[in-house]
Each structure stands twice: as C-alpha cells, then as structure tokens.
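Read top to bottom, the protein sequences are chains H and Y. When we follow this note's numbering, the leftmost residue of the first sequence carries the number 1, and every step to the right adds one. When we follow this note's numbering, the leftmost residue of the second sequence carries the number 1, and every step to the right adds one. Quick reminder that beta carbons are idealized off the backbone N, C-alpha and C, glycines included. Everything numeric in this text was worked out from a predicted model, so none of it was measured.
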Amino acid sequence: MRVGADRFAFPGFRTLTFLCLFILYAPLLVVTVYSFNDSRSITTWEGFSLRWYVDVFVGPDSAKFKSAAFNSFSIALIAASVATAVATSAALAMVRGGRFKLRTATFGLISLPILVPEIVTAVAILIFFNTIGFTRGYMTILIAHIAFCIPFAYLPISARMQGIEGSFEQAAMDLYATRAQAFRRILLPMMMPGIFAGFLLAFIISLDDFIITNFVKGAGVETLPTAIFGSVKQGIRPNIMAISTMLLAFSTVIVTLSWFISRIDRTK
Amino acid sequence: MAGGAASGGDATSDAYAPARGWLLLPAWLVLGLVVLVPVFLMLVYSFLTKEFRGGVIWEFSLAAYDQFFIDRGLFGDDPPRIEWAYIQIFWRSIWQAGVATLLCLIIGFPTAYFIATRPAQQRNIWVFLITIPYWVNLLIRTVSMRFILRDQGPLNDFLQWVGVIGEPLTIINTNLGVQIGLFYSYLPFMVLPLYAAIERYNFALSEAAADLYAPRHKILTRVVLPAVKPGLIAGCILVFVPSLGSFLAPDLLGGARNFMIGSLIDEQFKGSAGNWPFGAAASMILLTLVLLVLMVLARQQARAARGAG
Numbered sequence: 001m002r003v004g005a006d007r008f009a010f011p012g013f014r015t016l017t018f019l020c021l022f023i024l025y026a027p028l029l030v031v032t033v034y035s036f037n038d039s040r041s042i043t044t045w046e047g048f049s050l051r052w053y054v055d056v057f058v059g060p061d062s063a064k065f066k067s068a069a070f071n072s073f074s075i076a077l078i079a080a081s082v083a084t085a086v087a088t089s090a091a092l093a094m095v096r097g098g099r100f101k102l103r104t105a106t107f108g109l110i111s112l113p114i115l116v117p118e119i120v121t122a123v124a125i126l127i128f129f130n131t132i133g134f135t136r137g138y139m140t141i142l143i144a145h146i147a148f149c150i151p152f153a154y155l156p157i158s159a160r161m162q163g164i165e166g167s168f169e170q171a172a173m174d175l176y177a178t179r180a181q182a183f184r185r186i187l188l189p190m191m192m193p194g195i196f197a198g199f200l201l202a203f204i205i206s207l208d209d210f211i212i213t214n215f216v217k218g219a220g221v222e223t224l225p226t227a228i229f230g231s232v233k234q235g236i237r238p239n240i241m242a243i244s245t246m247l248l249a250f251s252t253v254i255v256t257l258s259w260f261i262s263r264i265d266r267t268k
Numbered sequence: 001m002a003g004g005a006a007s008g009g010d011a012t013s014d015a016y017a018p019a020r021g022w023l024l025l026p027a028w029l030v031l032g033l034v035v036l037v038p039v040f041l042m043l044v045y046s047f048l049t050k051e052f053r054g055g056v057i058w059e060f061s062l063a064a065y066d067q068f069f070i071d072r073g074l075f076g077d078d079p080p081r082i083e084w085a086y087i088q089i090f091w092r093s094i095w096q097a098g099v100a101t102l103l104c105l106i107i108g109f110p111t112a113y114f115i116a117t118r119p120a121q122q123r124n125i126w127v128f129l130i131t132i133p134y135w136v137n138l139l140i141r142t143v144s145m146r147f148i149l150r151d152q153g154p155l156n157d158f159l160q161w162v163g164v165i166g167e168p169l170t171i172i173n174t175n176l177g178v179q180i181g182l183f184y185s186y187l188p189f190m191v192l193p194l195y196a197a198i199e200r201y202n203f204a205l206s207e208a209a210a211d212l213y214a215p216r217h218k219i220l221t222r223v224v225l226p227a228v229k230p231g232l233i234a235g236c237i238l239v240f241v242p243s244l245g246s247f248l249a250p251d252l253l254g255g256a257r258n259f260m261i262g263s264l265i266d267e268q269f270k271g272s273a274g275n276w277p278f279g280a281a282a283s284m285i286l287l288t289l290v291l292l293v294l295m296v297l298a299r300q301q302a303r304a305a306r307g308a309g
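Now the structure itself:
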C-alpha cells in the first residue's frame, strides 16, 4: 500500500526533523550534564561529581524532598490505580455497551480534563473544595489527581478494547462460559497490556502535575513538582538539577515501559 | 468517521449493554463531582462578592465582570470607559498562543512527514523519540529552558563563543522568552497527531498526482495537506489550547511584566491579588474562548473528514 513513500520525501525535512529532536532534547541533556557538575555555581563547569545527588538525599533540603517524594509517589500510585479501575469500567460500557443516548455526552465528560486548560480545571476544583468546606491537604490533591488521571488511563484502555473483537468472548460463551468467566478468562487477559499502559500514563501524569496540585494543596503539603517550583523561584540550584534529572530518568523509564507494553499483541 | 472520532469510536459489541449504567457510574460520579460541578460553581463564584484576601461572600455581584471590562477610574466615579488592561492580556495570550502554534507547525509538519515516509521499522523509533518529551514533566522542561536561556546560560555562551553576538542576549523575562517556552513546551503535541494523520495517508494519491506531472511542492500543498487536514487541526488544538491557558512558561520565562491569562488567574488565587470572583470570571472567559475555538475547529474537522472520506 505504501508505494514508495520515500519518493515523496523532501530533502530539507530530514534536517528539520533533526532540528526538532535537537530542540526537544538539548535543554534536558544540558540540565542532566550540569547536574553532575562539581561546583556551587551553575555557570562554570568544575568537573564530574555526584555531590548534588548526595545533597538531595542528605543535604539541608533532604527532609523537604523526601516528604515531597513520598507524597508524589503515594498519590500517583493511588490515583493511577483508582483512575485505571474507573476507566476500565467506563471503557467496558463505552466499547462493549452498544449504542446508547448518553454515549457522546459521556465521552465529552471523560475528555473534559484534557480539553479544558489545566488552570481552569485547577480553579474549578479549588472553588469546589472551598465550597464544601474541605480543608486543603493531601486528600484534596489525591481526589483531584484521581479525576484528571481518568481520561489518560481511558484512552489507551478503550483503544485496546476496540482492537479486540467481541467474537473472542462470544466463542467462550458459546462454550458455556458465563459472562463473568468470559470477562476474567478472555477479555481481561487480552486487555492487560492496555490497562497496564493506561495505568503507567496516569501514574506519570499524576507524578508530573504541577498546576492543579499547586492550587489544591494545603500549606505545608508539597509534591515533587511544587517543591521544585518553589526552589526554582529563588534561582536554579544544582541540587534542583540533580532531582530534576532523577525525575526525568524515572519518567523516561515509565514512558518506555508503557510504550513497549502497549505494543504487546495478544490477539494472535 | 468524524462522528465516530468525536465520540471515541463506535462500540464493537453490545455484550455489556445491560450493565452499562453501573459500569459508567464511577466515571460519572468522579468526573461529574470533581470536574463538571466545579465548573458550574466557578460560574456561580464569578457572580459573587469578593472577600478580602481570598474566598467569597455569597451575595450576587457583577463586580468581577465590571472590573474586567469597564474602567471607572481610580476612585470609581469617572464616566465608565472600556477597560483595556485585561483585554490586552487576553489579546497578547491569544497572539502568543497563535504564534506558538504556527512555529510548532513549521517545525512539526516536516518532522511528522519525514517520520511517516520512513520504512515501518524506523518509524517506531522516531515516534518513540517524540513520545518521550511529550510525556516528560513540563515543569522540568520549562526549568531547563530557563537554564538554557539565562543571560549567562549555555545558549548565550555558545553564541558569544561563535562570535554572533558580543553581549549576552536577554531572553528570560521578555515576551521572546515566553514565546520560545510555549513553542518548546507543546512542540511534541503538534508532531504526534500530524504523524498519525500522515501515516494513514495513502501515498498512492501522491503517486497518481506525480504521474499527472504535478511538481512535488504542488503534490504537498494540493494533495497531501487537504488529506491530512484533520490531523493538522488536531495538532493545532493540542498546541493552541494549552498555550492559551499556560502558566509555567509565562511565569518562569516571562517574569512579572509578561503576563498571560494563566498568570492573571493564578495571581487571583495564589498571589497577592486575592480576588476569587475576578479569578473565576477570568477563568470563565478563558473557558468560553477555548470552547469557541474547539467548536469552530471541530466543525472544520468534520467538514475535512467528510471531504476526505
């Protein structure tokens, strides 16, 4: 089908592609390199050192970073798990539930956190918690994260389910499997890569969120992004570059995992 | 096809139809309660009276919208005139988001096209390379940009070393800084949907045009571009909408004098202004703008999809 697509390539486009990748990666690489700088100043290079990584764990700010890391990771884990469960359930209804009246409206509702600018969602959720008199803190961050993680979990999960024909379950039920058995033994295992990819993306989205978290967090409760933002406002220090590099590396690993898992094909 | 895309694709079976109310209940509850209801509350708040240092008094008031649109002078007793200050912030945000979208298109389209014309095996690697920055922490990406663009940063060092400039350029805390930041933040958001569209494009069409002696640039503008228009529109939405409400780029790269809508809203809730109804009103106006853009583009997209299909 792809009859010699090469023939229609434009010579300048290769250069622009490399430029694009250079633009995307150069800043991240520079920060990564400078996080290994053995200098108090962020401007001059004084040789390779791991001192700022040590500083993150035992330095003067380490207590702050540790509690922020605990909050970030525990919130991301819980929010991504709940969001994945909610999204899987919704996907079953949307992809295996036939046509129904509220289908388009429901899809609109699920996509809402992606379509609306994040700062608007942040304002809305802050106002919501304020109205019902919910004290801002760990719980408010967690609830907000569960909500905005749902669409990110939903998209890979529903895409996966769409790729699995209904006939697999039908065949199982023709052989006297119950609906529950067909779900647990046939659909769920085939869905697993999609569910896992959705979970990982939701996890990353939660871990990386700054704007909504910054609005709904209480005084004294920090996540890694809000802690980093607070420090950066006073100037970029080398320990911030070290912690940023670690977070970058972590995100890259998770995204890579999610990428490969979502490509596992169990329908063959 | 357009209707299918807008509603998340068609259902593949109706096996779970009897249980669908129960299955959808958690999603309705969470998103309804934590996103939809709050948006309505935000609308309500924009018509309430502000309380000193944050919060609201539950009394109807048009003060927020009045402050946004009408200038009554310093003591509030001048004849009312149009207040331009906030409209200007909105206008500048729209302008900067538009320029960012255009820049992303200029770099993003050739990239997506190039990737789509690679052999299948290579394509995955290229897409993967674009996917990583797509998901990586936006705060950290913006901080890295601030690090690069500083007066004594690597970019200025490099330009001085090459001899292009004598004195370091000041980019941070200027509109240019914000512009670069927006472009950098959302570039991958342009490439991925464009790639998805070009990858599905049938190059036999280009082949046919070439057989009829169309020059290559004509094939691109007259055959390829119309065929991938839905992807083009999707990419523009994904760059324009978050740019418009962006907070990190103007805050970390623009500073106090280069306000965008996001900074204006943030200041009402987190900053010194502490005027919640005004913040809610500004958010409502932003939301209205975004919904308008989405509606216009969705209609365009439906038309483009009908034309292609």
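- Under the 10 Å beta carbon count, V58 of chain H is surrounded by fewer than 16 other beta carbons and is classified as exposed.
- The three-state secondary structure of E169 of chain H, taken from DSSP, is helix.
- Between L188 of chain H and S258 of chain H, the beta carbon gap of about 19 Å keeps them out of contact (Cβ cut-off 8 Å).
- At a C-beta separation below 8 Å, M42 of chain Y has these neighbours in chain H: V120, V123, A124, I127.
- Residue contact with chain H for R20 of chain Y: present (Cβ-Cβ distance below 7 Å to some residue of chain H).
- With a threshold of 16 other beta carbon atoms within 10 Å, R141 of chain Y meets it and is buried.
- In this structure, M161 of chain H and R103 of chain H do not form a Cβ contact; the two beta carbons are roughly 15 Å apart against a cut-off of 8 Å.
- The way I'd put it, the stretch 189-200 of chain Y does touch the stretch 97-117 of chain Y; three or more beta-carbon pairs between them come closer than 8 Å.
- Distance from the CA atom of S246 of chain Y to the CA atom of G153 of chain Y, rounded to whole angstroms, is 24 Å.
- Interface flag for P133 of chain Y against chain H is set, since a Cβ pair is found closer than 7 Å.
- Close partners of V290 of chain Y in chain H (Cβ separation under 9 Å): L115, V116, P117, V120.
- For W58 of chain Y, the enclosing beta strand (DSSP E) begins and ends at 56-60.
- Identification of chain Y residues near P27 of chain H by a Cβ-Cβ cut-off of 8 Å yields R141, S144, M145, F147, I148, Y184, ordered along the chain.
- In the DSSP assignment, K50 of chain Y is bridged to Y:V56.
- Secondary structure note for I94 of chain Y: its alpha helix (DSSP H) is the uninterrupted segment 84-116.
- V39 of chain Y counts as buried, since no fewer than 16 other beta carbons sit within 10 angstroms of its beta carbon.
- Here DSSP, grouped into helix, strand and coil, assigns I70 of chain Y to strand.
- Just so you know, the alpha carbons of A124 of chain H and V56 of chain Y end up roughly 14 Å apart.
- Only residues of its own chain outside the window of five on either side were considered, and among them K64, S67, A68, N71, G230 have a CB closer than 8 Å to the CB of E222 of chain H, listed in chain order.
- The beta carbon of C20 of chain H falls within 7 Å of a beta carbon belonging to chain Y, placing the residue at that interface.
- Around K270 of chain Y, the beta-carbon contacts reaching into chain H at under 8 Å are N214, F215.
- Excluding sequence positions up to five before and after D38 of chain H, its CB lies within less than 7 Å of the CB of E46, G47, F48, S49, R51, all in the same chain and listed in chain order.
- Taking the CA atoms as reference points, P18 of chain Y sits about 37 Å from W135 of chain Y.
- With its beta carbon at least 7 Å from every one in chain Y, F48 of chain H lies outside the interface.
- Each residue's CA atom was taken as its position, placing C104 of chain Y and G133 of chain H some 43 Å apart.
- If you keep only unbroken alpha helix (DSSP H) runs of at least 4 residues inside the stretch 86-141 of chain H, you get 103-115, 118-131.
- Three or more Cβ pairs closer than 8 Å define a contact, and the stretch 81-95 of chain H falls short of that threshold against the stretch 229-243 of chain Y.
- Put simply, of H:M192, H:E118, H:S62, H:P27 the residue whose alpha carbon is nearest the alpha carbon of L286 of chain Y is H:E118.
- Here S251 of chain H is actually not in contact with I228 of chain H; their C-beta atoms are around 13 Å apart, not less than 8 Å.
- The CB of I125 of chain Y never comes closer than 8 Å to any CB in chain H; the least such distance is about 11 Å.
- In this structure L109 of chain H is in contact with G32 of chain Y, their Cβ atoms being roughly 7 Å apart against a cut-off of 8 Å.
- Rounded to the nearest angstrom, the gap between the Cα atoms of D78 of chain Y and D71 of chain Y is 8 Å.
- Measuring C-alpha to C-alpha distances from I240 of chain H to each of H:S41, H:F73, H:L142 identifies H:S41 as the nearest.
- Counted as a single uninterrupted DSSP element, the alpha helix (DSSP H) harbouring R51 of chain H occupies residues 51-58.
- Taking 7 Å as the cut-off, the Cβ atoms of A85 of chain H and C149 of chain H do not count as close.
- Under the 7 Å criterion on CB atoms, S81 of chain H is classed as non-interfacial with respect to chain Y.
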